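In the numbering used here, the protein residues as written are 2 to 139. Beneath this line is the structure, given in structure tokens, with notes to follow.
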Ligand SMILES: [Zn+2]
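In structure tokens:
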């Protein structure tokens with residue numbers, strides 16, 4: 002099976018840029034990604050990688066927002082390619098509109114809406130979209 006464009010995108014240089022994560026994960030993923038026969042195992046690995054990348058991106062956002070965004074974008078590509086959903090706990094770090102990484106205090110504003118069902122309004126400062134999260138039912 003030939004590697005596709007997605008996997009070719011990660012060369013050694015690219016992997017090194019992402020530090021430990023790049024070394025340990027991207028490399029292994031690129032090397033084995035398309036060779037894994039078991040689809041379920043591939044999906045599981047993809048989900049794990051996407052979660053690790055997103056977590057790392059959130060941690061990094063305060064220091065290097067561009068690299069963090071890049072990692073989040075890779076995570077999204079991995080999820081799309083393997084058709085796996087983001088973990089519910091990590092879903093709030095993606096803007097529903099522009100799909101960019103949003104981290105409260107860095108490039109997102111969080112406000113509490115006092116409606117009938119109270120809502121959490123997370124404004125993406127990249128595109129201005131307001132991501133609403135309903136906090137329980139009245
Ligand atoms: Zn946005």
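Virtual Cβ for every residue (Gly too), placed ideally from N, Cα, C. Predicted, not measured: the structure shown is a model, and the values here were computed from it.
Measure the alpha-carbon distance for residue i versus residue j and round it to whole angstroms.
{"i": "residue 115", "j": "residue 101", "result": "27 Å"}
{"i": "residue 112", "j": "residue 132", "result": "10 Å"}
{"i": "residue 125", "j": "residue 99", "result": "9 Å"}
{"i": "residue 78", "j": "residue 94", "result": "15 Å"}
{"i": "residue 19", "j": "residue 117", "result": "44 Å"}
{"i": "residue 122", "j": "residue 130", "result": "10 Å"}
{"i": "residue 51", "j": "residue 103", "result": "16 Å"}
{"i": "residue 138", "j": "residue 120", "result": "10 Å"}
So residue i and residue j are supposed to be a Cβ contact under 8 Å. How far apart are they, rounded?
{"i": "residue 54", "j": "residue 76", "result": "4 Å"}
Are residue i and residue j close, meaning C-beta to C-beta below 9 Å?
{"i": "residue 69", "j": "residue 80", "result": "no"}
{"i": "residue 1", "j": "residue 83", "result": "The requested residue 1 is not part of the displayed model; the chain covers only 2 to 139."}
{"i": "residue 108", "j": "residue 66", "result": "yes"}
Hey, quick one: how far does the beta strand (DSSP E) through residue i stretch, first residue to last?
{"i": "residue 124", "result": "120-125"}
Check for me: the alpha helix (DSSP H) holding residue i runs from which residue to which?
{"i": "residue 79", "result": "66-83"}
{"i": "residue 58", "result": "40-61"}
Residues surrounding ligand 1 [beta-carbon distance to nearest heavy atom under 6 Å]: 96, 98, 99, 101, 125, 127, 128 and 130
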